[in-house]
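Numbering-wise, our numbering comes out as the position in the sequence shown, counting from 1, plus 4.
Data block below; observations after.
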Amino acid sequence: MEYPIPDHLKPFFTPVGEDNSELRVTGAIRCKCGSALFTPYTNEAGTIAAAKCRKCGAKILLLHAGRHGWDGFVAKADYLYDLPTKMHALEACPRCEAQTPLAVKVTVTSFGREDFIRDSELSDEDGHPLREEDWVNAFSSFRMDVVCPECGGTTESIIDIETA
Ligand SMILES: [Zn+2]
Ligand SMILES: [Zn+2]
Numbered sequence: 005m006e007y008p009i010p011d012h013l014k015p016f017f018t019p020v021g022e023d024n025s026e027l028r029v030t031g032a033i034r035c036k037c038g039s040a041l042f043t044p045y046t047n048e049a050g051t052i053a054a055a056k057c058r059k060c061g062a063k064i065l066l067l068h069a070g071r072h073g074w075d076g077f078v079a080k081a082d083y084l085y086d087l088p089t090k091m092h093a094l095e096a097c098p099r100c101e102a103q104t105p106l107a108v109k110v111t112v113t114s115f116g117r118e119d120f121i122r123d124s125e126l127s128d129e130d131g132h133p134l135r136e137e138d139w140v141n142a143f144s145s146f147r148m149d150v151v152c153p154e155c156g157g158t159t160e161s162i163i164d165i166e167t168a
């Protein structure tokens, strides 16, 4: 089965759990260096998310709603062109407040490959051609959670936005 893992996340994304399908996938984020502990960053609106690896310092862009998802990638929704880019670091676990690097979990939902092909007619709003394989880039929602290595707790979503 194909999962809706967007191209920009593929190098970092490992599906976890039993509940994955063409319409929904949850995965753990892992840096190319092998580490899975990060300082997560988000903007205030929850439309941009990134993570900085605490081992090698690499920065991974997890979501930019102006470029990713149906609205950013296909529909080119106007309001997405001017996203506030001031980023805030999540330096501590939101549950136990320990100052610690955090693991990052991402859930992406999709309307599936066939819907994408039909609704996009395989070009974006600006008339640029799209490939069938781009269906993973036109996801319909994005959720980010953090998992704390100190208390083992998982958040009830740091970001949870509709992107379609
Ligand atoms: Zn790294
Ligand atoms: Zn904690």
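We treat Cβ as the ideally placed atom computed from N, Cα and C, and that holds for glycine.
Here the structure is a predicted model, which is why all the values come from computation and not from measurement.
Between lysine 80 and asparagine 47, the gap from beta carbon to beta carbon reaches 8 Å or more.
Excluding its 5 nearest sequence neighbours in each direction, proline 88 has C-beta neighbours in its own chain below 7 Å: Asn47, Glu48 and Ala49, listed in chain order.
Rounded to the nearest angstrom, the Cβ distance from valine 112 to proline 19 is 10 Å, too far for a contact under 8 Å. Valine 140 and glutamate 22 have their alpha carbons spaced roughly 19 Å apart.
Counting only runs of 4 or more residues that sit fully inside the region 102-147, the alpha helix (DSSP H) segments are 117-124, in chain order. Between aspartate 119 and the set Glu154, Phe143, Lys59 and Leu66, the nearest pair of CA atoms involves Phe143.
Considering only Leu41, Val29 and Met5, the residue with the shortest C-alpha distance to valine 108 is Leu41. Partner residues in the beta bridge of serine 25, as assigned by DSSP, are Arg28. Ligand 2 has no heavy atom closer than 7 Å to the beta-carbon of alanine 40.
Ligand 1 approaches cysteine 35 closely enough that one of its heavy atoms is under 7 Å from the residue's Cβ.
Judged by pairs of C-beta atoms under 8 Å, the region 127-137 does not touch the region 48-67, as fewer than three such pairs exist. Each of Asp86, Leu106, Leu84 and Tyr83 was checked against the Cα of alanine 93, and the nearest Cα belongs to Leu106.
Partner residues in the beta bridge of threonine 46, as assigned by DSSP, are Ala53 and His92. Taking the Cβ of glutamate 125 as the reference point, every heavy atom of ligand 2 lies at 7 Å or farther away.
Proline 8 places its beta carbon 8 Å or farther from that of serine 124.
In the structure shown, the three-state DSSP call for valine 20 is coil. Bounds of the beta strand (DSSP E) holding leucine 65 are 63-68.
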